[in-house]
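Reading through the structure tokens given below for one structure.
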Amino acid sequence: MFLSVVIPTYNRLPILQKCLQALEHQRLEAPISGYEVVLVDDGSTDDTVAWLQREGARFPHVRLIQQDHGGPAEGRNRGVEHARGDVIVFIDSDLVVTADFLLSHARRLQQSWADRGNRLSFTYGAVINTANFEHPTQEPHKLRDLSWAYFATGNVAIDRAVLEQSGLFDTRFRLYGWEDLELGERLRRMGVVLVRCPEAVGYHWHPALSLDQVPRLIEVERQRAKMGLVFYRKHPTRRVRFIIQFTPLHLLLWELLTLGGLLNERSLRPLLAWLIRRGQPGLAMELLRLPLNRIGVRVLYAEARAAGLS
Numbered sequence: 001m002f003l004s005v006v007i008p009t010y011n012r013l014p015i016l017q018k019c020l021q022a023l024e025h026q027r028l029e030a031p032i033s034g035y036e037v038v039l040v041d042d043g044s045t046d047d048t049v050a051w052l053q054r055e056g057a058r059f060p061h062v063r064l065i066q067q068d069h070g071g072p073a074e075g076r077n078r079g080v081e082h083a084r085g086d087v088i089v090f091i092d093s094d095l096v097v098t099a100d101f102l103l104s105h106a107r108r109l110q111q112s113w114a115d116r117g118n119r120l121s122f123t124y125g126a127v128i129n130t131a132n133f134e135h136p137t138q139e140p141h142k143l144r145d146l147s148w149a150y151f152a153t154g155n156v157a158i159d160r161a162v163l164e165q166s167g168l169f170d171t172r173f174r175l176y177g178w179e180d181l182e183l184g185e186r187l188r189r190m191g192v193v194l195v196r197c198p199e200a201v202g203y204h205w206h207p208a209l210s211l212d213q214v215p216r217l218i219e220v221e222r223q224r225a226k227m228g229l230v231f232y233r234k235h236p237t238r239r240v241r242f243i244i245q246f247t248p249l250h251l252l253l254w255e256l257l258t259l260g261g262l263l264n265e266r267s268l269r270p271l272l273a274w275l276i277r278r279g280q281p282g283l284a285m286e287l288l289r290l291p292l293n294r295i296g297v298r299v300l301y302a303e304a305r306a307a308g309l310s
């Protein structure tokens, strides 16, 4: 089994360095015959390309592919196009993996194929969120790290032929969000089964919340809402409505939890600042999710009305 790890990246050089270093220290045993890392730079404007060109000798498994900025869907498709492996592993460029990461995916995939008698399955590893940049792998597993998403490309492995049969990622998802779960809907309809692989651990780094991040987080929610509508137009089902929060229940829920918008990013700012000063940025982020969810749902409904879909 030869594995191709496909990673799109955009202006994430500091954590990307840790990501690539971890991938150079993988334990190789059967059924792995070899692996490569296909890094797709999505038009980064930082030092990513120049750094890798300077330091490439330190990363013999890495092949750099460059493209104009087109988003992660286009980047992952380009990575698959250039990949040599019969198994594709998707991770994000802010994920730091353990030494048994690839081996765990490979063994669980092989066992699944043998049990099922076909290759219609993919493995889904564990993602542990951390703000510890210096030592990301020291973060303990937390309840909020659990995910019920289907085919979230932060940490999955799949047979290449099955992936290509699905049609790969829809490049209309050019903004943030949903391109991987939309592909997951197509895989589900093909009868492709999710196989949990908790031994394949990746530590997803993101900086601790600071107040200057709030405008960007709001913009992300607006982008997610717009891409959610792309998702729903492709799959106009009740299931997708619930996934993207396009239901009256969600509209009512976030109105109630924010007291009709009284709890918003402005009114919560003093409390968020206090929690951050007290060393509780994680709790501050959970609190901020209330108005962020309200923003996202309201933008989604506004976009739907404009498109005549509500």
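If you count the sequence shown from 1, position 286 lands on 286 in our numbering, and the numbers rise without skipping. Ideal Cβ placement from N, Cα and C applies to all residues, glycine included. All figures in this text were calculated on a predicted structure; none of them were measured in a lab.
Of all the alpha helix (DSSP H) runs that stay within the bounds of the stretch 113 to 181, which reach a length of 4 or more residues?
You should have 160 to 166.
Count Cβ pairs between the stretch 59 to 79 and the stretch 98 to 105 that sit closer than 8 angstroms; are there 3 or more?
Here the stretch 59 to 79 does not lie against the stretch 98 to 105, with fewer than 3 beta-carbon pairs under 8 angstroms apart.
To the nearest angstrom, how far is the alpha carbon of residue 236 from that of residue 19?
Their backbone Cα atoms lie some 37 angstroms apart in a straight line.
- Would you report the Cα separation of residue 230 and residue 87, rounded to the nearest angstrom? Those two C-alpha atoms are separated by around 28 angstroms.
Verify whether the separation of the beta carbon atoms of residue 10 and residue 93 is less than 9 angstroms.
Contact annotation: residue 10 and residue 93 have beta-carbon atoms nearer than 9 angstroms.
* Beta-carbon of residue 23 versus every beta-carbon of chain C: anything under 9 angstroms? -> Among the chains of the structure shown, chain C does not appear; only one protein chain is present.
(Q) With the cut-off set at 9 angstroms, would you say residue 222 and residue 299 are in Cβ contact? (A) Yes. Within cutoff.
Item to complete: Within its chain, find whatever has a CB closer than 6 angstroms to the CB of residue 113; leave out the 5 residues flanking it on each side and keep chain order.
Response: Excluding residues up to 5 positions away in sequence, 119 lie with their Cβ nearer than 6 angstroms to the Cβ of residue 113 in the same chain.
Identify whether residue 61 lies in helix, strand or coil by the three-state DSSP scheme. Looking at residue 61 - three-state DSSP - the assignment turns out to be coil, as it is neither helix nor strand.
Practice problem: Quickly, what does DSSP pair residue 315 with across the bridge? List them, please. | Solution: The requested residue 315 is not part of the displayed model; the chain covers only 1 to 310.
Margin query: I'd like to confirm the pairing. Which residues does DSSP put opposite residue 4 in its beta bridges?
Written below: Looking at the DSSP assignment, residue 4 forms a beta bridge with 36 and 88.
Quiz item: By how many angstroms is the C-alpha of residue 37 removed from the C-alpha of residue 190?
Solution: The straight-line gap from Cα to Cα measures roughly 27 angstroms.
Given this structure, state the Cα-to-Cα distance separating residue 142 from residue 153, to the nearest angstrom. Between the C-alpha atoms of residue 142 and residue 153 there is a straight-line separation of about 20 angstroms.
Should residue 26 be labelled buried (16 or more other beta-carbon atoms within 10 Å of its own) or exposed?
Per the 10 Å Cβ criterion, buried.
(Q) Does residue 193 pass the burial test, meaning 16 or more other C-beta atoms within 10 Å, or should it be called exposed? (A) Classification for residue 193: exposed.
I think residue 201 touches residue 284, with their Cβ atoms under 8 angstroms apart; what is that distance to the nearest whole Å?
Rounded to the nearest angstrom, the Cβ distance from residue 201 to residue 284 is 26 angstroms, too far for a contact under 8 angstroms.
Cβ-based neighbour list, residue 196, same chain, cut-off 7 angstroms, excluding 5 preceding and 5 following: The residues are 124.
By how many angstroms is the C-alpha of residue 209 removed from the C-alpha of residue 247?
In this structure, the alpha-carbon of residue 247 lies about 29 angstroms from that of residue 209.
Pull up the CB-CB distance for residue 169 and residue 76, whole angstroms please, since I reckon it's below 8 angstroms.
Indeed, because the Cβ distance is near 5 angstroms, the residues count as touching under 8 angstroms.
query: What residues are listed by DSSP as bridge partners for residue 66?
result: According to DSSP, residue 66 bridges with 41.
> With DSSP run on the structure shown, which of helix, strand or coil describes residue 203?
Replying inline: Here residue 203 sits in strand by DSSP.
Practice item. Using the Cα positions of residue 109 and residue 158, report the straight-line distance between them to the nearest angstrom. Key: Taking the straight line joining both Cα atoms gives about 8 angstroms.
Can you check DSSP and say which residues form a bridge with residue 253? Residue 253 pairs with nothing; no bridge assigned.
Problem - Residue interval of the beta strand (DSSP E) (run including residue 95) - result: Residues 95 to 97.
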